[in-house]
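Note sheet for the following structure.
In our numbering, the protein residues as written are 155 to 691.
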């Protein structure tokens, strides 16, 4: 008994020690400026805290669970960048602990520690853009929670645990639709595990409990949206538009996207990915690991499948794959311990390999992780995107407008609305759907124009950064033709230029200053104009 307690204490100490680097880095960079997705979630969550339902003043194809999660974080930690990132830190840390529990159940303490450590480091890597609080972080927390509960139910088939696991697995796709695959995976896994061990009646009851738990979060969400009167908008954005969105990228383009993402992922953490490859080999070479071969293989394939919808392969989508990579890396440790006739000091060998792999990851990005300020780190990761500038722009708007004023952002920078605590004049907080070659684009542009003309925003922010638009030769010109005339009537209040040596702000410009003149004399192709609608009282 004392030996078991000693091993538990040692394992707990090593687990915390392994997770400390990622925890320290996240806490050091709490003020890392919000990027676009975070801005969307924060703004929608802010609206929720004000009693405004999703899809009323902010449109997007994601299901509303991520907005509720951000609203909860902000209710607890405050409506600030640091508060949001503190919540994301808690989510990431808890996910790593759940991964430890799952992997330990499969292959022991050493495997669990390596799995959790691998996940925690990969989830902060710039290769996955993991320093930001993406929806994929929030998918994996309930998904792994559901899997952990089902594992705990293996010996004692508890109906409540199975039901609770279903609720968690049903919550995952509310964060991002991709999460639905984990519920399907667990249903098949549960059916296969219990087939022949229990009667068909009991098996049907357990699958029914899992399914009932999974349906409840979606049912409650639909009920709340229907009560708020936004079910039509919800369907338009999360089904009709989402279906069009997933059909835009061709197979050759998807393959290019995948190759680019893999290069970025592996460049920052090659050692950890090599550990996962070794673990995959151990899974097939070490006989004692074979009972879990099918579980780990299918879980890894399902996780990869969740990254694939639409063939965009955005780097933060791969956060969904990281728990599977962590488990495979953990199997390297398990294999070393199982092959004690080859490795006479398995604990030392495991610690050495993981320390080297982790050290390479930390060293590769040590400037961002340990030296740069949050603003500089953001610039290093995201280039000339106006994420650090958004806070200053929002501060100016907040100081020069009424609290009930509306603003319009021509560009995909929803974080400006969140920072300024001003409602957007239009629900189109992203320009991307309007620029895409999809059948709803023209209608969306016309609706955005109508909403802005009706709301009469007090301030207009024009963003000239290509990644804020992603305009192509196939984009509809309706919005741009209208903008030319609309913006000509509005006074220029500020001009922001993003250069390599810093950002230059010009505020309270003279009445004679015109946007045309400033654009002609600009020093950078990356600029933001802040305009004041003087026609308003």
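The beta carbon of each residue, even a glycine, is placed where N, CA and C say it ideally should be.
By a C-beta neighbour count over all protein chains shown, 10 Å radius and 16 as the cutoff for buried, is residue i buried or exposed?
i, result
"residue 597", "exposed"
"residue 275", "buried"
"residue 288", "buried"
"residue 638", "exposed"
"residue 515", "buried"
"residue 368", "buried"
"residue 373", "exposed"
"residue 339", "buried"
"residue 356", "exposed"
"residue 539", "buried"
"residue 380", "exposed"
"residue 214", "buried"
"residue 395", "buried"
"residue 593", "exposed"
"residue 492", "buried"
List the DSSP bridge partners of residue i.
i, result
"residue 503", "Paired residues: none, contrary to the question."
"residue 349", "352"
"residue 577", "560"
Taking residue i as part of the beta strand (DSSP E), name the residues at either end of that continuous run.
i, result
"residue 660", "656-661"
"residue 605", "Run containing residue 605: none in the beta strand (DSSP E); it sits in the alpha helix (DSSP H), 595-609."
"residue 562", "560-564"
"residue 681", "681-686"
"residue 440", "Run containing residue 440: none; DSSP gives neither H nor E here."
"residue 649", "645-653"
From residue i to residue j, what distance separates their C-alpha atoms?
i, j, result
"residue 163", "residue 621", "49 Å"
"residue 210", "residue 588", "18 Å"
"residue 316", "residue 452", "20 Å"
"residue 603", "residue 633", "7 Å"
"residue 690", "residue 582", "With a pLDDT of 45 at residue 690, under the threshold of 50, the modelled position of that residue is not reliable, and the figure given next carries that caveat. Straight-line Cα distance between these residues: approximately 22 Å."
"residue 456", "residue 481", "14 Å"
"residue 301", "residue 337", "9 Å"
"residue 510", "residue 426", "9 Å"
"residue 173", "residue 246", "10 Å"
"residue 266", "residue 512", "15 Å"
"residue 608", "residue 614", "14 Å"
"residue 676", "residue 683", "11 Å"
"residue 680", "residue 472", "29 Å"
"residue 141", "residue 585", "The structure shown does not extend to residue 141, since the chain is modelled only from 155 to 691, so the question has no answer here."
"residue 518", "residue 524", "11 Å"
"residue 648", "residue 595", "30 Å"
"residue 329", "residue 445", "32 Å"
"residue 521", "residue 527", "9 Å"
"residue 249", "residue 663", "49 Å"
"residue 225", "residue 555", "25 Å"
"residue 189", "residue 412", "22 Å"
"residue 564", "residue 240", "30 Å"
"residue 253", "residue 298", "7 Å"
"residue 417", "residue 203", "40 Å"
"residue 432", "residue 442", "16 Å"
"residue 234", "residue 438", "48 Å"
"residue 570", "residue 672", "22 Å"
"residue 574", "residue 628", "33 Å"
"residue 670", "residue 591", "29 Å"
"residue 467", "residue 642", "39 Å"
"residue 577", "residue 558", "8 Å"
"residue 461", "residue 324", "18 Å"
"residue 535", "residue 283", "8 Å"
"residue 184", "residue 176", "12 Å"
Nearest CA to the CA of residue i: which residue from the options?
i, options, result
"residue 685", "558, 625 and 550", "550"
"residue 478", "450, 220 and 632", "450"
"residue 377", "635, 626 and 208", "208"
"residue 612", "635, 653, 651 and 561", "561"
"residue 543", "553, 558 and 567", "567"
"residue 484", "428, 547, 519 and 556", "428"
"residue 199", "219, 185 and 183", "219"
"residue 216", "458, 333 and 321", "333"
"residue 196", "655, 167, 506 and 238", "238"
I'd like the span of the alpha helix (DSSP H) that includes residue i, first residue to last.
i, result
"residue 478", "476-492"
"residue 388", "385-389"
"residue 616", "Per DSSP, residue 616 belongs to no alpha helix (DSSP H); it is in the beta strand (DSSP E), 613-618."
"residue 450", "447-461"
"residue 642", "Per DSSP, residue 642 belongs to no alpha helix (DSSP H) and is neither H nor E."
"residue 542", "541-553"
"residue 534", "528-536"
"residue 241", "235-261"
"residue 623", "Here residue 623 belongs to no alpha helix (DSSP H), and DSSP marks it neither H nor E."
Kindly say whether residue i, judged by its beta-carbon, lies nearer than 8 Å to any beta-carbon of chain B.
i, result
"residue 306", "In summary, chain B is missing from the structure at hand, where a single protein chain is found."
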